[in-house]
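Notes follow the structure.
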Amino acid sequence: MTLLDIINSQQLLIILWLLYFSIHSLFASLWFKQLVANHFPDLMPGYRLTFNAAALLILIPPVYFMHRYPGENLWTWSGSWRYLSYTSSVIAVGGFLWS
Numbered sequence: 010m011t012l013l014d015i016i017n018s019q020q021l022l023i024i025l026w027l028l029y030f031s032i033h034s035l036f037a038s039l040w041f042k043q044l045v046a047n048h049f050p051d052l053m054p055g056y057r058l059t060f061n062a063a064a065l066l067i068l069i070p071p072v073y074f075m076h077r078y079p080g081e082n083l084w085t086w087s088g089s090w091r092y093l094s095y096t097s098s099v100i101a102v103g104g105f106l107w108s
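Each residue of the sequence shown is one higher than the last, beginning at 10 in the working numbering.
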């Protein structure tokens, strides 16, 4: 019996995303940074790099399962609304790159 036999893929995705958000928020919290600074002061210069690497690593499971078990779309853009969504995406990426 596998884990997916016990729970469906949507429940697994919810659990994985909640775990990701929780761990990410914990590592980003001032409380955790202070804990690391107090117990391991030599690690603090590399904390930000380690935080970003850990964030990427723990992002892999939810993204993998999203692509492995895609499920149904919640909504789809059609007609002129699709072009509006593409234009909005291009503007958002352009604004990100410009800033």
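From the three backbone atoms N, C-alpha and C, an ideal C-beta is built for every residue, glycine too.
According to DSSP, is W84 part of a helix, a strand, or is it coil? Residue mapping note: residue 84 aligns to position 75 of the sequence shown, counting from 1. Residue state, collapsed to three classes: coil.
Could you tell me whether the Cβ atoms of Q19 and G80 are closer together than 8 Å? Residue 19 sits at position 10 when you count from the first residue of the sequence shown. Residue 80 sits at position 71 when you count from the first residue of the sequence shown. In this structure, G80 lies closer than 8 Å to Q19 by Cβ.
Okay, do the region 21-34 and the region 57-69 touch, 3+ Cβ pairs below 8 Å being the bar? Judged by Cβ distances under 8 Å, the region 21-34 makes contact with the region 57-69, as three or more pairs qualify.
So the alpha helix (DSSP H) N17 belongs to, where does it begin and stop? Within the sequence shown, the letter at position 8 stands for residue 17. Premise fails: N17 is in no alpha helix (DSSP H) and is neither H nor E.
What are the boundary residues of the alpha helix (DSSP H) that includes G104? As a working note, residue 104 is residue 95 in the sequence shown. Note, G104: alpha helix (DSSP H), S89 to W107.
Is the distance from the Cβ of P71 to the Cβ of L25 below 8 Å? Position 62 of the sequence shown holds residue 71. Position 16 of the sequence shown holds residue 25. For P71 and L25, yes; Cβs fall inside 8 Å.
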